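Per this note's numbering, the very first residue in the sequence shown carries number 1021; after that it's consecutive.
Working notes for the structure below.
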Amino acid sequence: MNKITSNEETSFWNLILNTSKIEIPIIQRDYAQGRDNEKTKAIRDKFLSDIIEVLGYSDSKKNNNSVKVPLELDFVYGNVEKNIFQPLDGQQRLTTLFLLHWYIALKTDNLSNTKSIFLKFTYETRISSREFCNELVINGESLGRGEAISEKISDSKWFFLSWKKDPTIKAMLLMLDCIDERLQNISKDDLKQYWQKLTSPNPPIIFIFKELNDIGLTDDLYIKMNARGKALTDFENFKARFEKHIEKNKWETNEVELKNSYSYKIDTIWTDLFWKHRGTDNLIDNEFLKFVAGVAINSYAQYHMINPDADDEQYIRKFLEGKTKGKISEESIKRERIERRITLLFNYPALVSPTDFPTLVTFIYLKNCFDIYSKNQNDELLPSNLPLWDFLEKKNVKINSDTEIDNNLFIEFVKDGRTEYKQRVLFYAQTQYLLNSEKNNNNSFSEWMRVVRNIVQNSTIDSASTFMGAIGLINELTRGCQNIYDYLHKNNVLSGFASTQISEEVLKSSIIGKKIDNKTIIFSTEDTDFFKGKISFALFCIGFESEESSFDVDLLNSIFKIVCEHLCSYDISNKFRSAFLTIKNNDFYNYWGTWSYGTDSYKRCLIENTNDLKSFFLNDYYKDYLKDLLLMLVNKSLTEIINDYECPHEMPNWKRRLIKEPQLLDNYCQAHFFGIPNDNKCCFLYYYKKRPSSRDECKIIE
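Right, dumping it as structure tokens:
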């Protein structure tokens, strides 16, 4: 018996030969690769196809073989005590390999002389599972009758009917049927060749054996990663594959201190971070994997680096050639590949792969992101006095069974549920600040996040393409993240993304540059639900539209108070609508219109809500209407504006009444739409329906 050393490539047969026992520990879950569901079937079919293909591989078939030989099954690791191996990760693969070896040994008359070896594979999860494995080896040559091999086993004298209730045994039987289905038509001579390959010194199926102690896992962490006795999930496979990815690319040499290495940190401080955020289920896998996928998305958008793939590149080239005429550049192919990968990870974060970090630069970025959120409680960071509106709901979040904290961008980034592109940009900006600041100054951080929030709120970021544009802009602005207003005041922004909002932020920086106290009213105004970061209209109202203009802080303060009083809820008052009818040509409602066939009149809108009013900002004609009303409200109330207004002699009576009797709108125009016939002698107020079928469904005002 030769001792197997950690990090050694080995096979199932070599492992079972050179250990006293392979013992599936009691903490592990039931065997799952034989479960009867679509997801497991897809995994099982792929795994068995790869195995059968490498077993049938020969030099003559070399050019037709789609699976690399030997087939590498990543890491299998666990505890070795008194030469008994207890796998922490690899139970599923080891069990499938046990069943495969048993089946081929049975079919090639090798079971009788290898029983002592097979008996070293055992389950501690259930007595029934352990006894079934033993009986399968001891009495495997004495099977009953039936079509499928599972039927023959179940019909055997040594098989207990109660075993059918054991989920591990049930799954093993299904797996044996699948193996039998694929191998039953293979000749005995070929199966003997398979057996020789499986038991040879150069086997076609290998994995890397790794001892638990060698990777620095403590008993406490073992429990954390196996909460409630469940086997490690997709993330553990990802973690092991990533370690192999690092070794393959030689990103961490022997010169890297153990405490700074990926393998050490991912099992210590990084796991501690996500253990804190494990949720009420006491699992961290989803949070960990979602974080890695999110960082990969940000990395793609920042660095524009993607793993070379000739087949994918050729496919994308043909796709782009089908869409456009002319030569397709390599850069456009790469951009399309990156956008597709971002979209995939956005929708399915569990599909993240080590190859999503194709270069040393992207690997270091991932490590830095892990590190920065593992320090100084940065996972609880919140910009002070900064509303983030729809991007971050204000609430307490139970991040584990013992802890509640204020909701923050890190939680939104890692918890279950969809993290939208705009939220990702905000998280990226927060991360950039942490990575590029020597120390976290709360004021500079909040001002940095304020500018980014304003950009994100007032931009379209709903696709991989627009997301990449936003990340490019934020990455450029990162150079000034510690004093963003000074940076904007002194530097030109090269990115073309969100150019209108950037121009406004530059204008604000000039106001703040003139007098630091101007921050107070600027921040208060842009924090309102009406303006939400975009205050160009408020600046238009006070006559400040360029750096050369004078800044009237008192007038802006008045506009701020008026907006808070009248425009910071979703709806507006009917008094506001009536007062609005006193402005200019008394026809603000013409900002929108269509023809109503039901009422045979021009259909107009008296403003449904405050979002409608925001459309006035973009209309060079109608924005003066809103400006005039707000400026009038500086010195008068809505009631005074209505009462003091002298209606022109030629004004139709229905319009006089809508101005002087706001209660008409309260009582008869809940839909906020009305119709004006061709003769203009009356109007039809819409009660509740936005599309009345006749004038009978309206209130006629003459």
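Cβ coordinates follow ideal geometry from the N, Cα and C atoms, glycine included.
Nothing here was measured: the structure is a model prediction, and the numbers come from that model.
Just tell me which of the options has its CA closest to the CA of residue i.
i, options, result
"Lys1230", "Phe1580, Phe1600, Glu1028, Leu1493", "Glu1028"
"Cys1389", "Thr1379, Ser1404, Leu1446, Val1312", "Val1312"
"Glu1567", "Ser1523, Lys1604, Glu1546", "Ser1523"
"Lys1604", "Tyr1642, Asn1663, Ala1260, Val1381", "Tyr1642"
"Glu1272", "Ile1289, Ile1384, Ile1173", "Ile1384"
"Lys1285", "Ile1392, Ile1199, Tyr1706", "Ile1392"
"Glu1201", "Lys1135, Asp1292, Asp1065, Asn1269", "Asp1065"
"Ile1504", "Glu1467, Phe1517, Arg1473, Ser1519", "Glu1467"
"Thr1363", "Thr1486, Val1471, Lys1535, Gly1533", "Thr1486"
"Asn1280", "Leu1705, Ala1321, Ile1228, Lys1387", "Lys1387"
"His1586", "Glu1546, Asn1629, Ile1555", "Asn1629"
"Met1192", "Leu1156, Lys1217, Ser1176", "Leu1156"
"Val1471", "Gln1450, Ile1358, Gln1683, Ala1484", "Gln1450"
"Asn1631", "Thr1060, Asn1606, Ser1616, Tyr1590", "Tyr1590"
"Ala1723", "Asp1331, Tyr1335, Pro1374, Pro1187", "This structure leaves residue 1723 out entirely; the chain is present only between 1021 and 1722."
"Cys1501", "Thr1545, Arg1337, Asp1210, Gln1452", "Gln1452"
"Leu1402", "Ile1419, Gly1164, Ile1425, Tyr1707", "Ile1425"
To the nearest angstrom, report how far apart residue i and residue j are at their CA atoms.
i, j, result
"Phe1580", "Thr1602", "22 Å"
"Ser1593", "Leu1575", "23 Å"
"Asn1461", "Ser1421", "32 Å"
"Lys1709", "Gln1477", "32 Å"
"Phe1693", "Phe1608", "13 Å"
"His1509", "Ile1531", "9 Å"
"Ser1283", "Lys1435", "24 Å"
"Thr1142", "Arg1113", "14 Å"
"Val1583", "Arg1438", "33 Å"
"Glu1351", "Ile1206", "49 Å"
"Ala1370", "Gly1314", "10 Å"
"Lys1528", "Ile1542", "8 Å"
"Tyr1368", "Ser1657", "54 Å"
"Ser1174", "Lys1127", "18 Å"
"Leu1037", "Ile1137", "7 Å"
"Asp1716", "Leu1649", "34 Å"
"Gly1492", "Lys1395", "26 Å"
"Phe1596", "Glu1496", "43 Å"
"Ile1661", "Arg1711", "32 Å"
"Glu1043", "Glu1333", "46 Å"
"Arg1355", "Lys1539", "40 Å"
"Ile1104", "Ser1464", "57 Å"
"Gln1216", "Asn1154", "23 Å"
"Glu1722", "Leu1653", "29 Å"
Going by DSSP in three states, residue i sits in which element: helix, strand or coil?
i, result
"Ser1421", "coil"
"Arg1711", "coil"
"Lys1647", "helix"
"Gly1553", "coil"
"Ile1721", "strand"
"Pro1107", "strand"
"Glu1277", "coil"
"Glu1681", "coil"
"Gly1695", "strand"
"Tyr1706", "strand"
"Phe1543", "helix"
"Gly1613", "strand"
"Trp1628", "Contrary to the premise, residue 1628 reads as Glu rather than Trp in this sequence. Looking at Glu1628 - three-state DSSP - the assignment turns out to be coil, as it is neither helix nor strand."
"Thr1142", "strand"
"Thr1520", "helix"
"Glu1267", "helix"
Considering only their Cβ atoms, is the gap separating residue j from residue i smaller than 8 Å?
i, j, result
"Ser1026", "Lys1140", "no"
"Asp1482", "Tyr1441", "yes"
"Asn1398", "Leu1454", "yes"
"Asn1696", "Arg1624", "What sits at residue 1696 in the sequence shown is Ile, not Asn. Yes, the pair counts as a contact, with Cβ atoms nearer than the cut-off."
"Lys1459", "Phe1560", "no"
"Met1195", "Leu1119", "yes"
"Phe1557", "Phe1637", "yes"
"Tyr1123", "Asp1109", "no"
"Gly1428", "Glu1400", "Per the sequence presented here, residue 1428 reads as Asn, with Gly not at that position. The answer is yes: Cβ separation under 8 Å."
"Gln1443", "Asn1474", "no"
"Pro1224", "Leu1091", "yes"
"Phe1258", "Ile1317", "no"
"Trp1183", "Phe1152", "yes"
Going by the C-beta, is residue i closer than 7 Å to any heavy atom of the ligand GTP?
i, result
"Phe1411", "Among the components of this structure there are no ligands whatsoever, and the ligand GTP is therefore not found."
Are the region 1510 to 1517 and the region 1336 to 1344 in contact at 8 Å, needing three or more beta carbon pairs? no
Indicate whether the contact test is met: 3 or more Cβ pairs, each with one atom in the region 1668 to 1676 and one in the region 1611 to 1623, closer than 8 Å. By the Cβ rule, the region 1668 to 1676 does not count as touching the region 1611 to 1623, because fewer than three pairs are nearer than 8 Å.
Can you confirm whether the region 1284 to 1298 touches the region 1403 to 1416 when touching is taken to mean that 3 or more C-beta pairs between the two stretches lie within less than 8 Å? no
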